[in-house]
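Participant: Just remember that the numbering used here sits 288 ahead of the position in the sequence shown, which is counted from 1. We treat Cβ as the ideally placed atom computed from N, Cα and C, and that holds for glycine. All values reported here derive from a predicted model rather than from experimental measurement.
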Amino acid sequence: MPFTLLVIECSGHLNWYQTFEGASILGQPVQVEQAEWDDLTVVSYHDSGAVVSMRRAKRPFPGTSQERDRTAVIDFVLLRSVSHGIKGQDSRNKLMSLIHARLPSVNSLMSAYLCLERPIVFAELKTVQKQLGKENFPLINQTMYSRHSDMIITPDCPFVGKVGHAHSGYGKAKIKSSEEFQDFKSICALHGDYITLEDFVEWDWDGRVQKIGRSYRAFKRTSPNWKGNVGNMSVIEDLPLTPELQSWIDASSSIFGGLDICALDFVHRADGKLFILELNDTAIGLVHKYAGEDMLLMRDLVLLRMEEKFGVKEEGKEETGEVIGLQEEVRLLKKQIARSLSVPTSPKTPPAPPQSSSTPYPLLFGGGALAGFLFSSLLAFFWLRPVNDK
Numbered sequence: 289m290p291f292t293l294l295v296i297e298c299s300g301h302l303n304w305y306q307t308f309e310g311a312s313i314l315g316q317p318v319q320v321e322q323a324e325w326d327d328l329t330v331v332s333y334h335d336s337g338a339v340v341s342m343r344r345a346k347r348p349f350p351g352t353s354q355e356r357d358r359t360a361v362i363d364f365v366l367l368r369s370v371s372h373g374i375k376g377q378d379s380r381n382k383l384m385s386l387i388h389a390r391l392p393s394v395n396s397l398m399s400a401y402l403c404l405e406r407p408i409v410f411a412e413l414k415t416v417q418k419q420l421g422k423e424n425f426p427l428i429n430q431t432m433y434s435r436h437s438d439m440i441i442t443p444d445c446p447f448v449g450k451v452g453h454a455h456s457g458y459g460k461a462k463i464k465s466s467e468e469f470q471d472f473k474s475i476c477a478l479h480g481d482y483i484t485l486e487d488f489v490e491w492d493w494d495g496r497v498q499k500i501g502r503s504y505r506a507f508k509r510t511s512p513n514w515k516g517n518v519g520n521m522s523v524i525e526d527l528p529l530t531p532e533l534q535s536w537i538d539a540s541s542s543i544f545g546g547l548d549i550c551a552l553d554f555v556h557r558a559d560g561k562l563f564i565l566e567l568n569d570t571a572i573g574l575v576h577k578y579a580g581e582d583m584l585l586m587r588d589l590v591l592l593r594m595e596e597k598f599g600v601k602e603e604g605k606e607e608t609g610e611v612i613g614l615q616e617e618v619r620l621l622k623k624q625i626a627r628s629l630s631v632p633t634s635p636k637t638p639p640a641p642p643q644s645s646s647t648p649y650p651l652l653f654g655g656g657a658l659a660g661f662l663f664s665s666l667l668a669f670f671w672l673r674p675v676n677d678k
């Protein structure tokens, strides 16, 4: 019976059917279902797990299940899309349904839920900084306000204001004066979101170090915009993976029980100093020239995690079930023989040997010695029989 892998992917041009073609674990094929959050619904049943219904994709990959509506019981999930974005993009209930079904995933579903809110991730990075030291983990200074009316004491200008959870440059503004701050604050008053303010660094390039399993890459990006991920004028180059960058991403990937896929963003100032900005989890964007290789790395990682999950679990279940069955057989056998013999069977009070040639149970076994021999033989057979003897 095939294992069903659900890949939730926001980029319509990435074909995971092709990437997992021919994949198998434990001698069984892995069947891929790829969909965007908006194209699926999730129901978590108490007795049958997560049942996911998917509608036909707007631009389906030819020859795949995306060409039709379908329903599947899911065994494992690869998350490649955040479930909460700008207004109108909110699939957190679907993510919680997958969590409710206790589905295994890369990254874990619980870590994906925690990574939805930037302040929670930032708090974990502050813990990493405390462990490594400020010099070894130069995290940007950040202040958080739970509501706009609390924004009284602010950092020195210029600084960057961020509203709510949004990613990809949304809800972010550079504030250079107190007048601009008042304008920013008045806009925040119209919404119920939290606000974070952090130092603005006059950077000449920004960078990213990514981690997929035990594979690392580092990049630098130059852009005419102060938001490096906005516009189409940016240039991306490979960056040497230094021990410093690797130590950053290794430490950061340990949060929330461990992130198999993640990327740490930072900026470089003209004087050579680096500042860590944020950590992105499983839905990291892929650099075009390495996208195919990185997808294969993710495939191998997912197959490894699936084998770890289902291989150990299934073998453990089978062995435990057989052992319990044998124990139950022995227990019932003891009861039956004890009832027939009307003697104690506890190890602490073994049956007393007959005192004479006469026996209290001649009709059953024909003698006390024979009864003891048969009883011991039967118990030895069930106790010593190999567990996996089939």
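1. In angstroms with no decimal places, state the Cα-to-Cα distance between G546 and M384.
2. Pick out the complete beta strand (DSSP E) segments inside the segment 437 to 463, 3 residues or longer, and give them in chain order.
3. Quick one: what's R587 bridged to in DSSP?
4. In this structure, what does DSSP give as the bridge partners for L485?
5. One question on the structure: do V361 and T292 come within less than 8 Å of each other, judged by their Cβ atoms?
6. For the 8 Å Cβ check, are there 3 or more pairs between the segment 482 to 500 and the segment 445 to 455?
7. Between N395 and D548, is the Cβ-Cβ spacing less than 8 Å?
8. Are the segment 517 to 535 and the segment 346 to 364 in contact at 8 Å, needing three or more beta carbon pairs?
9. Give me, in chain order, the residues of the same chain whose beta-carbon lies closer than 6 Å to that of I681; leave out the 5 immediate sequence neighbours on both sides.
10. Of all the options K577, L565 and T307, which has the alpha carbon lying nearest to the alpha carbon of G457?
11. Along the alpha helix (DSSP H) that carries F410, what are the first and last residues, could you check?
12. Report yes if the CB atom of T352 is closer than 8 Å to the CB atom of S341, and no otherwise.
13. From T415 to R344, what does the alpha carbon distance come to, in whole angstroms?
14. Short of 7 Å in beta carbon distance, which residues of its chain neighbour S434, apart from the five on each side in sequence? Order them along the chain.
15. Quick one: Cα of E467 to Cα of I441, how far?
16. Taking the alpha helix (DSSP H) that Q319 belongs to, which residues open and close that run?
17. For a test of the three-state rule: what should DSSP assign to E490, helix, strand or coil?
18. Tell me the DSSP secondary structure of D526 in three-state form.
19. How many whole angstroms separate the CB atoms of I313 and E595, which I take to be in contact at a CB cut-off of 8 Å?
20. Who pairs with N568 in a beta bridge, going by DSSP?
21. Identify, in the order they occur along the chain, each residue of the same chain with its Cβ nearer than 8 Å to the Cβ of G421, setting aside the five sequence neighbours on each side.
22. Please decide whether E595 counts as near chain B, where near means a Cβ-Cβ distance under 8 Å.
23. In three-state terms, what does DSSP make of D363?
24. Any idea if S634 is buried or exposed, counting beta-carbon neighbours within 10 angstroms, 16 or more meaning buried?
25. Inspect the beta-carbon positions of L591 and A311 and report whether they are closer than 8 Å.
26. With distances taken Cα to Cα, identify the nearest neighbour of L294 among H301, A454, Q470 and V320.
27. What separation, rounded to the nearest whole angstrom, lies between the Cα atoms of Q419 and G516?
28. Which same chain residues, not among the five before or five after A539, have their C-beta less than 8 Å away from its C-beta?
29. With H, G and I counted as helix, E and B as strand and the rest as coil, what does DSSP make of G495?
30. Sort V318, S299 and A558 by Cα distance to P290 and report the nearest one.
31. Between H372 and S332, how many whole angstroms is the CB-CB distance? I'm expecting something under 8 Å.
32. Just to confirm, is the Cβ distance from W491 to R406 under 8 Å?
33. Give me the residue from N568, A323, Y578 and D559 with the minimum Cα distance to C550.
34. Quick one: grab the DSSP three-state call for L302.
35. Which residues bound the alpha helix (DSSP H) around A539?
36. Take the Cβ of V497 as the centre, count every other Cβ of all protein chains shown within 10 Å, and call the residue buried at 16 or more, exposed below.
Facilitator: On the basis of the supplied data:
1. When the Cα atoms are used, G546 and M384 turn out to be separated by approximately 19 Å.
2. Here the runs fully enclosed are 447 to 451 and 460 to 463.
3. For R587, which the question treats as bridged, DSSP gives no partner whatsoever.
4. According to DSSP, L485 bridges with T431 and G449.
5. Result yes, Cβ atoms of V361 and T292 sit closer than 8 Å.
6. Per the Cβ contact rule, the segment 482 to 500 is in contact with the segment 445 to 455 (3 or more Cβ pairs under 8 Å).
7. The Cβ-Cβ distance between N395 and D548 falls below 8 Å.
8. Taking a cut-off of 8 Å on C-beta distances, the segment 517 to 535 does not touch the segment 346 to 364, as fewer than three cross pairs fall below it.
9. Residue numbering for the chain in the displayed model covers 289 to 678; residue 681 lies beyond these limits and cannot be assessed.
10. Nearest option by C-alpha distance: L565.
11. Its alpha helix (DSSP H) spans residues R406 to L420.
12. No; because the gap between Cβ atoms is not below 8 Å, this pair is not in contact.
13. It is roughly 44 Å from the alpha-carbon of T415 to the alpha-carbon of R344.
14. Hits under 7 Å: Y482.
15. Cα to Cα, the separation comes out at about 14 Å.
16. Segment Q316 to A323 is the beta strand (DSSP E) holding Q319; no alpha helix (DSSP H) there.
17. Look at E490 here: in three-state DSSP terms it is coil, with no helix or strand label.
18. The answer is strand: DSSP assigns D526 an E or B state.
19. The C-beta distance from I313 to E595 rounds to 5 Å, short enough to meet the 8 Å contact threshold.
20. DSSP, once it has assigned bridges, lists A551 as partnering N568.
21. Only residues of its own chain outside the window of five on either side were considered, and among them none has a CB closer than 8 Å to the CB of G421.
22. Structure shown: chain B not included; a single protein chain is present.
23. Correct three-state label for D363: coil.
24. Low confidence applies here, because S634 scores a pLDDT of 43, under 50, leaving its location unreliable; read the following figure in that light. Exposed, by the Cβ-count rule.
25. If you check the CB distance, L591 and A311 come in under 8 Å.
26. Checking every option, the nearest Cα to that of L294 belongs to V320.
27. Distance between Q419 and G516, taken at the CA atoms: about 29 Å.
28. Taken in chain order, the residues that qualify are V416, Q419, L420 and F425.
29. G495 falls in the strand class under three-state DSSP.
30. Cα-wise, what sits closest to P290 is V318.
31. At roughly 19 Å, the Cβ-Cβ gap does not stay under 8 Å, so H372 and S332 are not in contact.
32. Going by C-beta atoms, W491 is not nearer than 8 Å to R406.
33. Nearest option by C-alpha distance: N568.
34. It is coil, neither helix nor strand.
35. Looking at the DSSP string, the run of the alpha helix (DSSP H) that includes A539 is P531 to S540.
36. Flag for V497 reads buried.
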